[in-house]
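Enquirer: Under the working numbering, the first residue of the sequence shown is numbered 392, with each subsequent residue one higher. First the structure, then my questions, so here it is.
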Amino acid sequence: MLCAQNTIGIPNIVNYTKQQYNAGSQNWGVVQDKNGIMYWANNDGLLSFDGVFWRMYKLPNKTIARSVAVSDDNKIYVGGQGEVGYFSPGSSGELFYTSLNKLIPAKDNDFADVWNICFYQNRVFFRANKKILEYDGKKVLAYNSGNWGFLGSVNGELIANEIDKGLVYYSNGQWLPKIKTGKLPTDNLLLRSALSLTKDSTLLVSLMHGLFILHGDTVSAFTTPDIKEVASKNISSACMISADRIALATNLGGCIIINKQGKFIQRFTKNEGIQNNNVLSVMADKNKNLWFGLDNGIDLVTYSNAIRNIFPDQQNRNAGYTSTIFNNELYLGVSTGVYRIGLDKLFNDISYTIGTFEFVENSQGQVWNLSTVNDKLLMGHNKGAFIIEGSKALPLDVRSGFWSFQPLYATQPSSVIVGGTYNGISFANYNNGNISMPVVNSNVESARFVAIGKNIIWIAHPYKGLYKVSYDATGIGNSERYIDKNKILSSNHNKIYKLKNKIVLTTDNGIFEYDEQQKDFIRSVSLEKLLGKAPVSYLKEDASGNIWFSRDRKISVVDRSFKEPRIVLIPEIDGRIMANGFENILVIDSSNVLIAAEKGFFHINYALYKKNRLPLQALVRKVQLSNVQENGLIYGGYNLLSSIPSVKYKYNSLHFECSSTLFGQELNTEYSYYLEGFDKDWSVWTRKTERDYTNIPAGYYTFKVKCRNNPDNESKESVFVFKVLPPWYQTWWAYSLYAVLFFSLIYLFYKRQQNKYKRLQQLKLQEQQRKYAEEQKQLQLQHQLEIEQNEKQIIELRNEKLQSEVEHKNSELASSAMNLVQKKELLSKLKEDLVQYKAAPDQGKAGKEFQKILKLIDKELDHNEEWEQFAVHFDSVHTNYLKKLKEQYPSLTTSDLKLAAYLRLNLSSKEIAQLMNISIRGVETSRYRLRKKLDLANEMNLFDHLIKITT
392 MLCAQNTIGI
402 PNIVNYTKQQ
412 YNAGSQNWGV
422 VQDKNGIMYW
432 ANNDGLLSFD
442 GVFWRMYKLP
452 NKTIARSVAV
462 SDDNKIYVGG
472 QGEVGYFSPG
482 SSGELFYTSL
492 NKLIPAKDND
502 FADVWNICFY
512 QNRVFFRANK
522 KILEYDGKKV
532 LAYNSGNWGF
542 LGSVNGELIA
552 NEIDKGLVYY
562 SNGQWLPKIK
572 TGKLPTDNLL
582 LRSALSLTKD
592 STLLVSLMHG
602 LFILHGDTVS
612 AFTTPDIKEV
622 ASKNISSACM
632 ISADRIALAT
642 NLGGCIIINK
652 QGKFIQRFTK
662 NEGIQNNNVL
672 SVMADKNKNL
682 WFGLDNGIDL
692 VTYSNAIRNI
702 FPDQQNRNAG
712 YTSTIFNNEL
722 YLGVSTGVYR
732 IGLDKLFNDI
742 SYTIGTFEFV
752 ENSQGQVWNL
762 STVNDKLLMG
772 HNKGAFIIEG
782 SKALPLDVRS
792 GFWSFQPLYA
802 TQPSSVIVGG
812 TYNGISFANY
822 NNGNISMPVV
832 NSNVESARFV
842 AIGKNIIWIA
852 HPYKGLYKVS
862 YDATGIGNSE
872 RYIDKNKILS
882 SNHNKIYKLK
892 NKIVLTTDNG
902 IFEYDEQQKD
912 FIRSVSLEKL
922 LGKAPVSYLK
932 EDASGNIWFS
942 RDRKISVVDR
952 SFKEPRIVLI
962 PEIDGRIMAN
972 GFENILVIDS
982 SNVLIAAEKG
992 FFHINYALYK
1002 KNRLPLQALV
1012 RKVQLSNVQE
1022 NGLIYGGYNL
1032 LSSIPSVKYK
1042 YNSLHFECSS
1052 TLFGQELNTE
1062 YSYYLEGFDK
1072 DWSVWTRKTE
1082 RDYTNIPAGY
1092 YTFKVKCRNN
1102 PDNESKESVF
1112 VFKVLPPWYQ
1122 TWWAYSLYAV
1132 LFFSLIYLFY
1142 KRQQNKYKRL
1152 QQLKLQEQQR
1162 KYAEEQKQLQ
1172 LQHQLEIEQN
1182 EKQIIELRNE
1192 KLQSEVEHKN
1202 SELASSAMNL
1212 VQKKELLSKL
1222 KEDLVQYKAA
1232 PDQGKAGKEF
1242 QKILKLIDKE
1252 LDHNEEWEQF
1262 AVHFDSVHTN
1272 YLKKLKEQYP
1282 SLTTSDLKLA
1292 AYLRLNLSSK
1302 EIAQLMNISI
1312 RGVETSRYRL
1322 RKKLDLANEM
1332 NLFDHLIKIT
1342 T
């Protein structure tokens, strides 16, 4: 069967599992709105996808959504199980549901699943199995039947399939027969789609009976072998991809693409990468991507993309390493061997070649290179060198692995073939179509990177350096290591290429070219101007002079077809190409470029790629408060809001979600953000689709977002305007309060100043009065001072008099004390004499009388009574000196007080000893005891202390 084969090029297929979109498994219908957002009639309700975020909208009673359609006013109509209605944006831009069931007459409000929704003459029609409901915006009418099998709007007509009347069309509230010539099958005909082929021709698609063409009122079967085979797979849905391409979704065989002649073009089944072969719905979006609503999941096929995948082995999808075209056959070398396929000359784009790859016999193992030299297809293999003839690889040299092959001489055929091997360079002779290997071996290092210059073969080893082998017409010379005088080689990533007959060396230190005059490598100013100074890992020049290069696992092209050379990036394949020296690009022509990939090969229709600059649109999909879990939505992503939303100051942290409906390129779509009034400039480009702002001051703001999928393909800005309300203390009523307070303060200040002025005047008066009073007081004071001065003089005179009296009394006390001393001395002397006299023998008779005299003297010597009189007199003169001393130091004895009094009178120790009737040493001892009782330090003077403590 023809459609058992497929095109070798498969567009990129993106699988979305139910776990990713978090909804029901089955997707019955698919549509796209004006903003590019996709919608599915899903088992759980209405499912939407904006390129980043999936959202689910439930129907009443959580019924299954069977059909979905978008009107010109961007309302999303949904048909469920006994339920019809539409979703439209609310005041906050979030979708909300409006049920139309309440408008249906009670007698007609009994219907099951709604399978089709169509728009016709400003009305919306819903088809259930036994009813067609017509909604004109105000009321709902019902058209009953035993079975309505289909409803579709095409070529300006609304057509339906009714069990009794067959195909009918709608006219002024009636359903009239459509077919006058020809007929449709009557045995269980189930129409699934009606597509416009031309202005007056409609393609009718049935589940099992194939395709039919309706031209006017004539119908005829559209039958080809390929269509018959597709019909056997149960066609569930269909859509037009382009004027000449039709997508037929089936329940058993995936999705099959045919042209308008009914010829098979391509198929998409589980083998090609979709999740399962039961496709319930299909749609081509505005960018010609194909969307499949599956029995379990959703798939996206980037059908119009200029980049496609080629997998020689669909099951294993091994890494690609090398490719070439030989004798109109495409040969692809992968990690497990070589595959080939004949090319269809009808297609300029070889990816549309239909067929199956054939494995080349005896090529099992790691293939490094396929090269055409002297019209021979040579294979560099891990096992050695091989020549491929037809579908078989024949060994040439299996002593070492081979990297590549090149002709040594420019003349064709070259008599010597250069082979890069694991051990160096191998030279083989070519004579009369025969290759003899090897002739000469130059054992330098593993020669993966070889470039042949003028009489020099250059071999670059990634980390061991650079080698050269000389040659001329006579033969091969010696090999030697390149001396790196200028330190241009790096510790790794040294590679050698040939561009425009120039030998180009790339290292981590830059790009260098060999200068024949200097016989050395110099920095390539021209290439670094084109490519930049960052290290490159691969260089390839095509026939048009374009330079293809790789850097950081990304492919770019220096395109010379513009007025000035321009770098064209191809970000769709970033990070998925072969790297680390195994990059490989085959430029066949502008429509066919093959790039070795981690899985198979990428085919790029470069001419189409440059034209396919799809318009980009960045969408603001959601704005909500960051610090509010519930009811924090500000904007739901639909329609412009009727007024600028306001945010309370206490919720001044916002979360923005953005997206782009450039489906299938999410990984290379970048965003830049700018909050006007808050940010200083646009943010750096990032793949993050969410943006958070915190602590936004009060004021008006415009949030802007733009996106790009290529540095030279940038979208327009999308904006969202909002305002952050000021805090309560910055509101108009607060300012009104501030104004009232301000004027109140001014009034109070005025009154205060007025009162202050009055007080000042009063103070001035008081000051004058005070000054007058003070002058009077001064006069009084002066008079008083004079009086006081006179009194002071009088007091001083009195004090002097008192002082004189005190001194006089002190003198008297001293004299009294001295008299006492003298008296005591006299009496003591007399007593001594009397004692001696008593001892004499002649005094016996006078003993009694003599004893009486002694007692009288002793009585005079006992001065206690005199001391008491002395103490009273002393305290009266010295302001209770002894009394104060006794109060402060209660432990002082009478002897201590006597000593203190005598010391106060400044008597000498001798005089004190006589008064106290003790020796001078006893006085010193008494002085010492007195110091101890007074707790007096050694360095302190006892006399000064006694004066101090009693003043």
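The C-beta atom is built at its ideal place from N, Cα and C for all residues, glycine as well. Keep in mind the model is a prediction, meaning the values are calculated, not measured.
Using alpha carbons as the reference points, say which of Leu737, Asn1271, Gly756 lies closest to Tyr730.
Expert: Here residue 730 refers to the residue found at position 339 when the sequence shown is read from its first residue. For the residues Leu737, Asn1271, Gly756, the minimum Cα distance to Tyr730 belongs to Gly756.
Enquirer: Which one or two residues does DSSP pair with Gly972 in a beta bridge?
Expert: Within the sequence shown, residue 972 is the residue found at index 581, counting from 1. Gly972 is not bridged to any residue.
Enquirer: Are the Cβ atoms of Asn1043 and Asn1100 separated by less than 7 Å?
Expert: The residue given as residue 1043 occupies position 652 in the sequence shown. The residue given as residue 1100 occupies position 709 in the sequence shown. Not a contact, by the Cβ cut-off of 7 Å.
Enquirer: Excluding the five sequence neighbours on either side, which residues of its own chain have a C-beta within less than 6 Å of the C-beta of Lys1323, listed in chain order?
Expert: By one-based count along the sequence shown, residue 1323 stands at place 932. Excluding positions up to five away in sequence, the list is empty.
Enquirer: Please identify the residue among Gly543, Ile913, Thr577 whose C-alpha is closest to the C-alpha of Asp555.
Expert: Counted from its first residue, the sequence shown places residue 555 at position 164. Residue Thr577 is the option with its Cα nearest to Asp555.
Enquirer: Roughly how many whole angstroms lie between the Cα atoms of Gln1305 and Thr1284?
Expert: Residue mapping note: residue 1305 aligns to position 914 of the sequence shown, counting from 1. Residue mapping note: residue 1284 aligns to position 893 of the sequence shown, counting from 1. Near 19 Å, if we compare the C-alpha coordinates of Thr1284 and Gln1305.
Enquirer: Is it buried or exposed for Tyr1293, if we count other Cβ within 10 angstroms and need 16 for buried?
Expert: Against the sequence shown, residue 1293 aligns to sequence position 902. Buried, since its Cβ has 16 or more Cβ neighbours within 10 Å.
Enquirer: Are the Cβ atoms of Val673 and Phe659 separated by less than 7 Å?
Expert: Here residue 673 refers to the residue found at position 282 when the sequence shown is read from its first residue. Here residue 659 refers to the residue found at position 268 when the sequence shown is read from its first residue. Not closer than 7 Å, so no.
Enquirer: In terms of alpha-carbon separation, which member of Gly420, Thr812, Lys453, Thr454 lies closest to Ser439?
Expert: Counting from one through the sequence shown, the residue named residue 439 turns up at place 48. Ranking Gly420, Thr812, Lys453, Thr454 by Cα distance to Ser439 puts Gly420 first.
Enquirer: Check for me: the beta strand (DSSP E) holding Ser1033 runs from which residue to which?
Expert: Your numbering for residue 1033 matches position 642 in the sequence shown. Run containing Ser1033: none; DSSP gives neither H nor E here.
Enquirer: Can you check whether the CB of Gly557 is closer than 7 Å to the CB of Ala585?
Expert: Numbered from its first residue, the sequence shown carries residue 585 at position 194. Numbered from its first residue, the sequence shown carries residue 557 at position 166. No. Outside cutoff.
Enquirer: Quick one: what does DSSP say Pro480 is sitting in, helix, strand or coil?
Expert: To locate residue 480, count along the sequence shown from 1; it is residue 89. Pro480: strand per DSSP, three-state reduction.
Enquirer: Tell me, please, whether the region 1100-1114 touches the region 1134-1141 by the rule of three or more beta-carbon pairs shorter than 8 Å.
Expert: The region 1100-1114 vs the region 1134-1141: no contact.
Enquirer: Is Val959 closer than 7 Å to Asp965 when the C-beta atoms are compared?
Expert: For this step, residue 965 is matched to residue 574 along the sequence shown. For this step, residue 959 is matched to residue 568 along the sequence shown. Contact flag unset, no.
Enquirer: Measure from the alpha carbon of Phe717 to the alpha carbon of each residue in Gly733, Gln657, Glu485, then state which is nearest.
Expert: Counting from one through the sequence shown, the residue named residue 717 turns up at place 326. With distances taken between Cα atoms, Phe717 lies closest to Gly733.
Enquirer: Just how far apart, CA to CA, sit Gly564 and Lys624?
Expert: Taking the sequence shown and counting its residues from 1, one reaches residue 564 at position 173. Taking the sequence shown and counting its residues from 1, one reaches residue 624 at position 233. Approximately 37 Å between the Cα atoms of the pair.
Enquirer: Rounded to a whole number of angstroms, what is the C-alpha to C-alpha distance between Pro703 and Ser782?
Expert: The sequence position of residue 703 within the sequence shown is 312, counting from 1. The sequence position of residue 782 within the sequence shown is 391, counting from 1. Between Pro703 and Ser782, the C-alpha separation is close to 15 Å.
Enquirer: Tell me, please, whether the region 762-772 touches the region 798-805 by the rule of three or more beta-carbon pairs shorter than 8 Å.
Expert: Judged by Cβ distances under 8 Å, the region 762-772 makes contact with the region 798-805, as three or more pairs qualify.
Enquirer: Can you pull the DSSP bridge partners for Val807?
Expert: Here residue 807 corresponds to residue number 416 of the sequence shown, with the count starting at 1. Note: Val807 sits in a beta bridge opposite Asn820.
Enquirer: Taking Phe738 and Thr747 to be in contact with their CB atoms under 8 Å, please state how far apart those CB atoms are, rounded to whole angstroms.
Expert: Here residue 738 refers to the residue found at position 347 when the sequence shown is read from its first residue. Here residue 747 refers to the residue found at position 356 when the sequence shown is read from its first residue. That pair is no contact at about 16 Å.
Enquirer: Got a sec? Which residues, its chain only, sit under 8 Å from Ala1262 by beta carbon, not counting five neighbours each side?
Expert: Looking up residue 1262 in the sequence shown gives position 871. Leu1273, Leu1288, Ala1292, listed in sequence order.
Enquirer: Please state if the CB of Phe478 and the CB of Ile495 are separated by a distance shorter than 7 Å.
Expert: Indexing the sequence shown from 1 puts residue 495 at position 104. Indexing the sequence shown from 1 puts residue 478 at position 87. For Ile495 and Phe478, no; Cβs fall outside 7 Å.
Enquirer: The beta strand (DSSP E) spanning Leu1298 covers which residue range?
Expert: As a working mapping, residue 1298 is identified with position 907 in the sequence shown. Where Leu1298 is concerned, there is no enclosing beta strand (DSSP E), given that its DSSP letter is neither H nor E.
Enquirer: Between which two residues does the beta strand (DSSP E) carrying Gly856 extend?
Expert: On the sequence shown, residue 856 is found 465 positions in, with the first residue counted as 1. Where Gly856 is concerned, the enclosing beta strand (DSSP E) stretches over 856-863.
Enquirer: Mapping DSSP to helix, strand and coil, what is Arg967?
Expert: Looking up residue 967 in the sequence shown gives position 576. In this structure, Arg967 counts as coil in the three-state DSSP scheme.
Enquirer: DSSP has Gly746 in a bridge; who is on the other side?
Expert: Residue 746 sits at position 355 when you count from the first residue of the sequence shown. Asn397.
Enquirer: Leaving out the 5 sequence neighbours to the left and right, which residues in its chain are closer than 8 Å to Tyr1092 when beta-carbon positions are compared?
Expert: Here residue 1092 refers to the residue found at position 701 of the sequence shown. Correct list, in chain order: Leu1066, Glu1067, Gly1068, Phe1069, Val1112, Phe1113, Lys1114, Val1115.
Enquirer: Does the separation of the CB atoms of Lys886 and Phe818 fall below 7 Å?
Expert: Walking along the sequence shown from the start, residue 886 turns up at place 495. Walking along the sequence shown from the start, residue 818 turns up at place 427. Their beta carbons are not under 7 Å apart, which means Lys886 does not touch Phe818 by this criterion.
Enquirer: Going by DSSP in three states, Ser597 sits in which element: helix, strand or coil?
Expert: Taking the sequence shown and counting its residues from 1, the one referred to as residue 597 is at position 206. Of the three classes helix, strand and coil, the one that applies to Ser597 here is strand, per DSSP.
Enquirer: Kindly indicate if chain B contains any beta-carbon less than 7 Å away from that of Lys590.
Expert: Absence of chain B from the displayed structure is noted, only one protein chain being present.
Enquirer: How do the region 468-476 and the region 497-514 stand: do at least 3 beta-carbon pairs fall below 8 Å, yes or no?
Expert: Touching, yes, given that three or more Cβ pairs across the two stretches are closer than 8 Å.
Enquirer: Verify whether the separation of the beta carbon atoms of Asn825 and Ser791 is less than 7 Å.
Expert: In the sequence shown, the residue the question calls residue 825 occupies position 434. In the sequence shown, the residue the question calls residue 791 occupies position 400. Contact flag unset, no.
Enquirer: Go ahead and pull the three-state DSSP assignment for Lys920.
Expert: Within the sequence shown, numbered from 1, the residue matching residue 920 stands at position 529. The answer is helix: DSSP assigns Lys920 an H, G or I state.
Enquirer: Quick check on Phe1134: buried or exposed, where buried means 16 or more other Cβ atoms within 10 Å of its Cβ?
Expert: Taking the first residue of the sequence shown as 1, we reach residue 1134 at position 743. So Phe1134 counts as exposed.
Enquirer: Return the residue from the list Ala1089, Gly1055, Val1096 that minimises the CA-CA distance to Val1075.
Expert: In the sequence shown, the residue the question calls residue 1075 occupies position 684. When only C-alpha atoms are compared, the closest one is Val1096.
Enquirer: Does Tyr1126 pass the burial test, meaning 16 or more other C-beta atoms within 10 Å, or should it be called exposed?
Expert: Mapped onto the sequence shown, residue 1126 falls at position 735. By the neighbour-count rule (16 or more Cβ atoms within 10 Å), Tyr1126 is not buried but exposed.
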